[in-house]
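Undergrad: For reference, the structure I am asking about is given below.
In this note's numbering, the protein residues as written are 1 to 356.
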């Protein structure tokens with residue numbers, strides 16, 4: 001009966017997704033320990049999860065706590081989804097740089113927003129790793145906390161087995177499938193780089209290179225207009241990236257350096273480049289959470305699993321079914337022109353023997 005500790009389980013919607021994914025997997029007998037600083041949100045997740053378990057006659061249990069070590073004790077898997085500082089910290093990450101002319105769309109990976117998010121999150125991450133070594137030394141940490149590359153680099157100093165997970169590759173493959181007309185499941189790819197800035201080094205369908213077709217489609221205004229920054233990078237570098245225009249415009253800040261650049265390349269709403277898009281979205285989510293009963297009326301039938309890797313990795317480690325995915329781990333020479341001790345996003349697989 002694997003024990004899964006979710007640290008930061010107050011992320012109601014994402015926590016619900018992770019739990020549903022695991023419950024829908026072939027792994028049986030799961031014990032979920034949900035930890036957050038307050039039980040106001042985790043209690044709602046527990047009520048929903050209990051209903052799903054009961055109505056689908058599943059062998060699983062859920063309990064909540066505000067004590068991190070209690071949640072971690074004897075865990076087999078730890079999933080970190082916390083955000084330190086809440087909405088106000090996210091607002092400050094955007095508002096303060098804007099006073100000095102630094103315009104951000106998201107601000108969770110690089111630049112002042114990403115750096116200060118890392119400074120808030122790394123101490124908690126290190127504390128989590130130390131607790132794991134004390135009370136669940138054999139557990140594997142699945143990290144979803146951003147900034148992924150910085151958090152992963154810090155985790156690499158702790159000795160705790162971990163992998164950082166994101167859905168940028170999966171979402172980008174959906175986009176590529178829509179542009180090329182090739183079913184996502186039939187695309188063969190190789191991707192590597194840094195989280196939120198990895199490259200599709202190979203894109204094929206039945207042995208046929210998809211890049212000529214993708215380049216042709218991206219020259220069409222209807223495709224280019226929604227991904228201008230990613231489109232420009234693709235046009236000049238020759239490889240498609242795993243991240244959207246909003247994110248990418250921050251990592252290549254000449255796309256955001258003045259109003260002319262913003263109007264030209266970052267004129268799409270929300271994560272298409274809009275200034276402060278992440279703050280706007282965070283305020284909507286915060287208001288929804290404060291209103292309560294976020295999961296009221298949600299169906300309790302088990303849906304198909306989401307694109308998140310977490311449940312498939314746990315299934316592979318528990319049952320031995322190999323699973324290939326993109327993971328964030330210490331580079332250790334895998335990408336020769338990146339520092340050996342940095343956190344890189346590379347092709348990986350999981351099976352009963354572990355993460356490889």
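Beta carbons: idealized from backbone N, C-alpha and C, even for Gly.
Is it buried or exposed, residue 328, if we count other Cβ atoms within 10 angstroms and call 16 or more buried?
TA: With 16 or more other Cβ atoms within 10 Å, it is buried.
Undergrad: Within the same chain, show all residues whose beta-carbon is closer than 8 Å to that of residue 210, passing over the 5 residues directly before and after it, in chain order.
TA: Around residue 210: 176, 180, 182, 187, 203 and 204.
Undergrad: Fully enclosed by the stretch 228–279, which alpha helix (DSSP H) runs are 4 residues long or longer?
TA: The qualifying runs are 228–237, 245–251 and 259–265.
Undergrad: Roughly how many whole angstroms lie between the Cα atoms of residue 152 and residue 75?
TA: So the alpha carbons of these two residues sit roughly 20 Å apart.
Undergrad: Report all residues from its chain with a CB closer than 6 Å to the CB of residue 309; omit the five preceding and five following residues, and keep chain order.
TA: Answer for residue 309: 165 and 325, listed in chain order.
Undergrad: Per DSSP, what kind of secondary structure is residue 12 in: helix, strand or coil?
TA: Residue state, collapsed to three classes: helix.
Undergrad: Would residue 25 pass as a contact of residue 335 if the rule is Cβ separation under 9 Å?
TA: Not closer than 9 Å, so no.
Undergrad: Mind the definition here: the stretch 83–96 touches the stretch 50–61 only if three or more C-beta pairs lie below 8 Å; say whether that holds.
TA: Not touching, per the Cβ criterion.
Undergrad: Return the residue from the list 199, 191 and 239 that minimises the CA-CA distance to residue 212.
TA: Measuring from the Cα of residue 212, the nearest candidate turns out to be 239.
Undergrad: Of the residues 114, 248 and 285, which one's Cα is nearest the Cα of residue 172?
TA: When each option's Cα is compared against that of residue 172, the closest is 248.
Undergrad: Tell me whether residue 235, by its Cβ, gets closer than 8 Å to a heavy atom of the ligand ADP.
TA: Questions concerning the ligand ADP fall outside what the structure shown contains, since it holds no ligand whatsoever.
Undergrad: Can you name the residues that DSSP bridges to residue 136?
TA: Residue 136 is not bridged to any residue.
Undergrad: What first and last residue would you give for the beta strand (DSSP E) that runs through residue 351?
TA: Segment 343–351, the beta strand (DSSP E) holding residue 351.
Undergrad: Look up residue 130 in the DSSP assignment and say whether it is helix, strand or coil.
TA: Residue state, collapsed to three classes: helix.
Undergrad: Out of 288, 299, 1 and 170, point me to the one whose CA is closest to residue 347's CA.
TA: Residue 170 is the option with its Cα nearest to residue 347.
Undergrad: Alpha carbon to alpha carbon, how far is residue 352 from residue 93? Give it in angstroms, no decimals.
TA: Each residue's alpha carbon lies about 41 Å from the other.
Undergrad: Answer with buried or exposed for residue 147, where buried requires no fewer than 16 other C-beta atoms within 10 angstroms of its C-beta.
TA: With 16 or more Cβ atoms within 10 Å of its Cβ, residue 147 is classed as buried.
Undergrad: What three-state label does DSSP hand residue 77 in the structure shown?
TA: In the structure shown, residue 77 sits in a strand (DSSP, three-state: E or B).
Undergrad: From the DSSP output, in three-state form, read off residue 197 for me.
TA: Three-state result, residue 197: strand.
Undergrad: With which residues is residue 324 paired in a DSSP beta bridge?
TA: 349, per the DSSP bridge assignment.
Undergrad: Contact defined as beta carbons within less than 8 Å: I believe residue 140 pairs with residue 161. What is the distance between those atoms, to the nearest angstrom?
TA: Correct: roughly 5 Å between the Cβ atoms.
Undergrad: Within the stretch 34–114, note down every full beta strand (DSSP E) run reaching 3 residues or more, in order along the chain.
TA: Within the stretch 34–114, the complete beta strand (DSSP E) runs of at least 3 residues are 60–65 and 77–80.
Undergrad: Please name the residue, chosen from 1, 222 and 100, that lies closest to residue 28 on a Cα-to-Cα basis.
TA: Nearest of 1, 222 and 100 to residue 28, Cα basis: 1.
Undergrad: In terms of residues, what are the limits of the alpha helix (DSSP H) holding residue 152?
TA: Element bounds for residue 152: 148–155.
Undergrad: If distances are taken between C-alpha atoms only, which option among 65, 10, 77 and 234 comes closest to residue 133?
TA: Checked all of 65, 10, 77 and 234; the closest Cα to residue 133 is 77.
Undergrad: Count the other CB atoms, across all protein chains shown, that sit within 10 Å of the CB of residue 220; report buried if there are 16 or more and exposed otherwise.
TA: Exposed, by the Cβ-count rule.
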